[in-house]
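Be aware that the sequence shown starts at 415, since it is given in the numbering used here, and climbs by one per residue.
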Amino acid sequence: MIVDTAKGIYINGQWIHPGSNTVLEVLNPATREKITEIPTGGVSETKQAIQAANQAFPEWSDKTARERSAYLYKAYNLMLERKEKLASILTEEQGKPLNEARGEIEFAASFLLWYAEEASRVYGEIIPSSKKNKRLWVVPKPVGVVAAITPWNFPAAMVTRKVAPALAAGCTVVLKPAEQTPLSAIEIVKIFEEAGLPQGVLNLLIGEPDQIGKEIMDSSDIKVLTFTGSTEVGKHLMEAGAKTVKKMSLELGGHAPLLVFEDADLDLAVDQAIASKYRNSGQTCICTNRIYVHSSVEEPFIEKLKAKVEALQIGMGSDENVEVGPLINGEGLAKVESQVHDAVSKGAEVKTGGKQWKGSGGYFYEPTVLANVTNDMTIMSQETFGPVVPVLTFDHEEEAIEAANNTDYGLAAFLFTKDLDNAITVMEKLDYGIIGINDVFPGTAEAPFGGIKESGLGREGGHEGIKEFIEMKYVSIAVA
Ligand code: ADP
């Protein structure tokens with residue numbers, strides 16, 4: 415891969431050489447080999463980035479929405495032109511199969527397009543007053559400097575899903591991508607640079623998360639935190655943000671149930687369960703974490719599932735025919751292994767998979783299906799983030815709904831049925847921010863994505879997504 419290692423930290427329109435000599439090693443999870451190393455920044459670079467974003471804010475927020483859109487349209491076109499290159503960088507640093515990486519680049523670009531359009535649709539309000547001599551207005555205003563902290567599972571799409579609406583709203587941004595996957599973020603910042611984004615409007619920090627995170631959270635110049643990552647880190651940041659009362663948009667963990675009713679199209683349910691569970695090797699926050707099948711269709715469902723899972727091609731994402739790539743790192747692999755070990759020790763049966771795959775020397779785990787699963791197993795309460803799925807059964811709808819809701823998470827839930835009444839009743843009773851009915855791919859730029867309960871706060875995408883970066887200024891006018 416051709417990587418420009420001089421480019422890592424970007425502050426005030428310049429690629430910066432940090433003062434320290436520390437570097438971040440970027441590894442290919444499919445081989446455990448080093449791809450490159452990037453110089454890292456710390457407290458001083460974070461302060462500089464915040465200052466640059468703060469200085470750029472008045473001019474950027476003063477532009478018309480159409481002026482801001484123009485940069486996003488340019489970035490959108492550049493991203494699509496570079497799809498192949500961006501996809502191959504993404505696969506190399508993150509591991510997902512090339513086809514999924516291409517899909518992610520298109521998805522990432524779709525947020526640039528959507529928010530280029532939405533920039534012009536941030537409306538205020540005129541409120542009919544209860545007093546004759548009063549005029550009441552509500553005027554939307556960009557909140558200020560935004561800190562965007564992004565995860566490694568969607569190294570491109572999570573960046574644009576946050577940066578595009580923030581810029582469209584008139585905010586300036588300090589971006590800190592995950593340490594496992596900084597290369598995609600660097601490429602996206604290069605795109606904005608080429609699109610001519612004014613200096614200081616978007617700044618990029620690469621470095622130690624705790625150090626950068628603390629500086630960001632302590633800064634009174636940062637008005638909004640938009641974060642996607644683990645519930646644990648999200649809670650820590652929420653607490654840290656209390657000191658300066660930051661606005662928060664948090665997209666945290668999930669534990670998605672997938673319900674298969676007795677009238678469901680079983681082939682569809684199996685195909686979609688596989689797509690939901692094994693894409694990105696199970697490393698998405700809306701990946702199915704548990705399947706509940708009506709007991710009358712358990713046997714055929716498991717047989718079909720097992721056969722198709724066994725046919726999945728595991729390997730390096732850069733091989734065009736591969737369908738399941740590696741996990742991100744040793745920690746991810748160890749978590750999956752420990753969940754399977756725990757389940758088996760408590761009586762679960764491994765229908766297929768259940769061990770590491772050593773093919774190319776990376777962090778691979780075989781696509782796995784577990785049966786005879788009980789609620790005391792860790793996999794039933796802890797997010798798996800790996801290619802393992804437990805299959806459980808139910809006899810009555812109420813039982814399935816209760817089991818599905820029995821979690822602190824509330825991001826996404828899926829259900830398969832052909833009965834419209836059933837679909838609507840169950841959908842209404844599921845305590846989740848996102849419901850997929852015969853559909854495991856709800857994510858799209860025009861719709862609001864986000865969770866309830868401990869899965870987070872706020873929404874990304876749709877017209878809701880830009881509101882995270884807007885304050886409403888209320889104006890009361892007394893007329894003589
Ligand atoms: P995961 O466990 O999936 O790696 P994390 O929540 O640890 O998810 O990481 C998501 C993002 O949060 C990454 O960009 C990571 O660097 C960042 N992060 C982790 N810890 C902190 C912290 N203390 N302060 C700020 N950012 C952090």
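Every residue, glycine too, gets a C-beta built ideally from N, C-alpha and C.
Exercise. With burial defined as no fewer than 16 other Cβ atoms inside 10 Å of the residue's Cβ, what is the status of Leu567: buried or exposed?
Worked result: One detail in the question is off: residue 567 reads as Asn in this sequence, not Leu. Buried: at least 16 other Cβ atoms inside 10 Å.
Exercise. Of the choices Trp429, Asn786 and Glu724, whose alpha-carbon is the least far from that of Gly767?
Worked result: Glu724
Exercise. Which runs of the alpha helix (DSSP H) spanning at least 4 residues fall entirely within the stretch 734–812, listed in chain order?
Worked result: 744–759
Exercise. Just the Cα atoms here: how many angstroms apart are Ile700 and Ile430?
Worked result: 36 Å
Problem set entry | Inter-residue spacing [alpha-carbon to alpha-carbon] between Glu811 and Asp685 | 22 Å
For this session: Whole angstroms is fine: what's the gap from Thr913's alpha carbon to Val440's?
Result: Any question about residue 913 goes unanswered here, given that the chain covers just 415 to 894.
Exercise. Buried or exposed: where does His708 fall if 16 or more other Cβ atoms within 10 Å of its Cβ makes it buried?
Worked result: buried
For this session: Alpha carbon to alpha carbon, how far is Phe863 from Gly876? Give it in angstroms, no decimals.
Result: 8 Å
Problem set entry | Residue burial classification, Tyr706 (beta-carbon count within 10 angstroms, cutoff 16) | buried
Exercise. Relative to the C-alpha of Ala592, which residue among Gln508, Glu717 and Leu486 is closest?
Worked result: Gln508
Exercise. Taking C-alpha atoms, which residue in Gly773, Pro714, Asp677 and Val553 lies nearest to Gly731?
Worked result: Gly773
Exercise. In angstroms, rounded to a whole number, what distance separates the CA positions of Thr505 and Val553?
Worked result: 43 Å
Exercise. Using a threshold of 8 Å, is the CB atom of Ala592 nearer than that to any non-hydrogen atom of the ligand NAD?
Worked result: Ligands present in the displayed structure are limited to the ligand ADP, and the ligand NAD is not among them.
Problem set entry | In chain order, each alpha helix (DSSP H) run of at least 4 residues that lies wholly inside the stretch 552–611 | 571–583 and 596–608
For this session: With DSSP collapsed to three states, give me the class of Tyr424.
Result: strand
Problem set entry | Glu646 beta carbon near the ligand ADP (any heavy atom closer than 8 Å) | yes
Problem set entry | Simplified DSSP assignment, three categories, for Pro671 | strand
Exercise. Got a sec: does the ligand ADP put a non-hydrogen atom nearer than 8 Å to the Cβ of His669?
Worked result: no
For this session: Count the C-beta pairs between the stretch 822–841 and the stretch 866–880 that are closer than 8 Å, then say yes if the count reaches three, no if not.
Result: yes
Exercise. Which residues in the same chain have their Cβ closer than 6 Å to the Cβ of Ser710, if we skip the five residues on either side of it in sequence?
Worked result: Glu676
Exercise. By a C-beta neighbour count over all protein chains shown, 10 Å radius and 16 as the cutoff for buried, is Phe830 buried or exposed?
Worked result: buried
Exercise. Buried or exposed: which applies to Glu874, given that a residue is buried once 16 or more other Cβ atoms fall within 10 Å of its Cβ?
Worked result: buried
Problem set entry | Complete runs of the beta strand (DSSP E) confined to the stretch 644–709 [at least 3 residues] | 661–665, 670–674 and 702–708
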